[in-house]
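Novice: My questions will all concern the structure given below.
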Amino acid sequence: MSACAAAPPGYSRSMVRTAILTVTRPNAPSDGEDQTARALRQVLKGGPFVEVDYQSVPDEQALIRAKLRVWCDQGGVDLVLTTGGVGLGLRDRTPEATAEVIEREVRGLPEAMRAALAREQPLAVLSRALAGVRRSTLIVNLPATPDSARTALAAVVTALAFAVEEVRGERIVPPAT
Amino acid sequence: MSACAAAPPGYSRSMVRTAILTVTRPNAPSDGEDQTARALRQVLKGGPFVEVDYQSVPDEQALIRAKLRVWCDQGGVDLVLTTGGVGLGLRDRTPEATAEVIEREVRGLPEAMRAALAREQPLAVLSRALAGVRRSTLIVNLPATPDSARTALAAVVTALAFAVEEVRGERIVPPAT
Amino acid sequence: MSACAAAPPGYSRSMVRTAILTVTRPNAPSDGEDQTARALRQVLKGGPFVEVDYQSVPDEQALIRAKLRVWCDQGGVDLVLTTGGVGLGLRDRTPEATAEVIEREVRGLPEAMRAALAREQPLAVLSRALAGVRRSTLIVNLPATPDSARTALAAVVTALAFAVEEVRGERIVPPAT
């Protein structure tokens, strides 16, 4: 698998190489977005996840799509977590960009995230978040705000490591155990 | 936005202009269908919802589709609630008509409605109800019977006002508050 | 309805003629798969279900699709339950084969099965199981393992008899009651 060859030195294939993509609004405060990525890192901590990239792009479908494609197609990324752009506004295009690149949808992940969020946040039912696999990379859309993103990711984080394992067809063990 | 220009005098843009479409069976008792619309009105009462139209059409896909298109494309309707035609029978065509007209699906709404219904009604898992946005109008499919329609709508009614706000990109406040 | 003409002598139209399709892995132990079918039979017992066929096919999309088509198109089968092939691996192709043959999707069934499974098994959110109708046959994808398949089927079995009734447009009564 080319993804293996592309793995940086020091990374074991038993780790889940994770990239975070923050989809930003032109007028949104930028520190709020960093806080969402920070919230995700707290949830990932202690698992087999290793952050290999972090980028932010404006909320334009073509830019989101291009970034997702690069991460999936050049190898070296097992899991992409996006934040933001999953609402009903015209500028919310993350699900559209995701739908364009995934080859197999995994509907149970957004279902479970919405169910977990809905317990504390009635508007969570409006999230159009998707999840799916392109080549050997799993893409999962998460909400924009730190609290919602944390809750959503926490609801499925255990499954994500196994999902990557299944996608890659191999077993993953947490680092340093 | 042309929808604003089309708003009747006396309607504020802060209200959710709501239309109800009852999809009828040729042999069904017509008062039963009216009771479903009445059940919906009870749930909408007290929120920012203003009923701007109510119509019933036979359960034919082309007729349902045409009605949805007119309401979405001529402006003046923020929210369309349909009742009936979401089962597994050959004459259940509301989801098909809805799928034809919506541009962006909102899967979390039917998910949440089915989850709420399933607690009291095991057959609710068979509902093929959809929800989605066409232009600046949100369409939500609801069940045929008064009890099920009431339960389904009540499960998401809080989110619907915010959904319309997000679709229109503006803030909505309840009338007379 | 031609399905009726194809019913074997002794079968009433009030029964749900059920076929089980086990999707097998080349290297998987074959008795494990039989145990999954056995687990399904325990859940079906006592309902209006009559097993009219049982077959196993390797996990190849074309073979699964062909089998589903034959059962749906030649009549005599009201309900097809598949087991296996719903994960994220490259060889998991049951949802793809199912998507190719169904005409109307019934999303609430996999939703409810995943929700029931998730209470005991966090990885259940990864199931890509589908359900849908082709002609007058309902197809439902179930997991591979006996425990998961049993839990998933038990969560929706009450609805399945009614679903078949709705698809056929007639009333079904349990046999011998």
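Protein chains in written order, with my numbering: chain X, 1 to 177; chain E, 1001 to 1177; chain D, 2001 to 2177.
Every residue, glycine too, gets a C-beta built ideally from N, C-alpha and C.
Taking Cβ-Cβ distances shorter than 9 Å, what residues in chain D pair up with E:Ser1148?
Specialist: Under the 9 Å cutoff, chain D gives no residues; its nearest Cβ is about 13 Å from E:Ser1148.
Novice: Whole angstroms are fine: how far does the CA of X:Glu165 sit from the CA of D:Val2140?
Specialist: 26 Å
Novice: By DSSP, does X:Ala5 sit in helix, in strand, or in coil?
Specialist: With a pLDDT of 39 at X:Ala5, under the threshold of 50, the modelled position of this residue cannot be trusted; read the value that follows with caution. Here X:Ala5 sits in helix by DSSP.
Novice: If you drop the 5 nearest sequence neighbours on each side, which residues of the same chain put their C-beta closer than 8 Å to that of D:Ala2154?
Specialist: Taking D:Ala2154 as the centre and dropping the five residues before and after it, the same chain places the C-beta of Val2043 and Ala2116 closer than 8 Å to its C-beta, in chain order.
Novice: Report the three-state DSSP secondary structure of E:Gly1108 (helix, strand or coil).
Specialist: helix
Novice: Would you mind working out which of D:Val2057, D:Leu2109 and D:Asp2073 sits nearest D:Thr2158, comparing C-alpha positions?
Specialist: D:Leu2109
Novice: Assuming X:Leu21 and X:Thr82 make a contact with CB atoms under 8 Å, what is their CB distance in whole Å?
Specialist: Contact between X:Leu21 and X:Thr82 is confirmed by a C-beta separation of about 5 Å, below the 8 Å threshold.
Novice: Just tell me which of D:Gln2055, D:Asp2078 and D:Gly2076 has its CA closest to the CA of D:Lys2067.
Specialist: It is D:Gln2055 whose Cα lies nearest to the Cα of D:Lys2067.
Novice: Among E:Val1133, E:Ala1129, E:Val1077 and E:Arg1065, whose alpha-carbon lies nearest the alpha-carbon of X:Ser127?
Specialist: E:Val1133
Novice: Could you pull out every residue in the same chain whose Cβ sits closer than 7 Å to the Cβ of D:Arg2107, ignoring the five residues on either side in sequence?
Specialist: none
Novice: With which residues is D:Glu2051 paired in a DSSP beta bridge?
Specialist: D:Thr2018.
Novice: Taking only beta-carbon positions, decide if X:Val125 is within less than 9 Å of chain E.
Specialist: yes
Novice: From E:Val1156, E:Val1080 and E:Gly1046, pick the residue whose C-alpha is nearest to that of E:Arg1065; which is it?
Specialist: E:Val1080
Novice: So, E:Phe1162 versus X:Leu123, is the Cβ gap smaller than 9 Å?
Specialist: yes
Novice: Please list, in chain order, the chain X residues whose beta carbon lies closer than 8 Å to that of D:Leu2088.
Specialist: Those are Arg104, Val106, Val133, Leu138, Ala163, Glu166 and Val167, listed as they occur along chain X.
Novice: Please name the residues in the stretch 1108-1120 of chain E whose beta-carbon is closer than 8 Å to at least one beta-carbon of chain X, in chain order.
Specialist: Gly1108, Leu1109, Glu1111, Ala1112 and Ala1115
Novice: Is the beta carbon of E:Thr1098 sitting closer than 9 Å to the one on E:Val1057?
Specialist: No; because the gap between Cβ atoms is not below 9 Å, this pair is not in contact.
Novice: Which complete alpha helix (DSSP H) runs does the stretch 1080-1161 of chain E hold, if anything under 4 residues is left out?
Specialist: The stretch 1080-1161 of chain E contains these whole alpha helix (DSSP H) runs: 1094-1101 and 1108-1118.
Novice: Using CA coordinates, which residue listed in E:Glu1120, E:Cys1072 and E:Ala1039 is at the minimum distance from E:Val1101?
Specialist: E:Cys1072
Novice: Classify X:Glu111 as buried or exposed, calling it buried when 16 or more other Cβ atoms lie within 10 Å of its own Cβ.
Specialist: buried
Novice: Could you tell me which of D:Ser2136, D:Ala2144 and D:Met2015 sits nearest to E:Gly1089, measuring between CA atoms?
Specialist: D:Ser2136
Novice: Quick one: is D:Val2156 near chain E, going by C-beta distance under 9 Å?
Specialist: yes
Novice: Buried or exposed for E:Gly1046, please, with buried defined as at least 16 other CB atoms from any protein chain shown within 10 angstroms of its CB.
Specialist: Counting Cβ neighbours within 10 Å, E:Gly1046 comes out exposed, since fewer than 16 surround it.
Novice: With a threshold of 9 Å between beta-carbons, can X:Ala152 be considered close to chain D, or not?
Specialist: Judged by the 9 Å Cβ criterion, X:Ala152 is not in contact with chain D.
Novice: Should E:Ala1007 go down as buried or exposed, given a rule of 16 or more other Cβ atoms within 10 Å for buried?
Specialist: Because the pLDDT of E:Ala1007 is 45, which lies under 50, any placement of that residue in the model is unreliable, and the number read from its coordinates should be weighed accordingly. Answer is buried; the Cβ neighbour count reaches 16.
Novice: Give a yes or no on whether 9 Å exceeds the smallest Cβ distance from X:Ala99 to chain D.
Specialist: no
Novice: Could you confirm whether any beta carbon from chain E is found closer than 9 Å to the beta carbon of D:Ala2159?
Specialist: Closer than 9 Å to some Cβ of chain E, the Cβ of D:Ala2159 qualifies, so yes.
Novice: Measure the Cβ-Cβ separation of X:Ala144 and X:Thr36 and say whether it is below 9 Å.
Specialist: Yes. Within cutoff.
Novice: If the cut is a Cβ gap below 7 Å, which residues of chain X does D:Pro2048 touch?
Specialist: Result: empty, since nearest Cβ-Cβ is about 29 Å, beyond 7 Å.
Novice: Helix or strand or just coil, what does DSSP make of D:Val2057?
Specialist: strand
Novice: Give the single residue among X:Gly85, X:Ser14 and X:Asp78 whose Cα lies nearest to the Cα of X:Pro26.
Specialist: X:Gly85
Novice: Could you check the C-alpha separation between X:Ala149 and D:Gln2074 for me, to the nearest Å?
Specialist: 49 Å
Novice: Kindly indicate which residue of D:Leu2040, D:Gly2087 and D:Thr2151 has the alpha-carbon position closest to the one of D:Asp2059.
Specialist: Nearest in C-alpha terms to D:Asp2059, of all of D:Leu2040, D:Gly2087 and D:Thr2151, is D:Gly2087.
Novice: Which whole-angstrom value describes the C-beta separation of E:Val1156 and E:Met1113, a residue pair presumed to lie in contact below a C-beta threshold of 8 Å?
Specialist: 6 Å
Novice: How many Å lie between X:Ala131 and X:Glu105 at the Cα?
Specialist: In a straight line, the C-alpha of X:Ala131 is about 6 Å away from that of X:Glu105.
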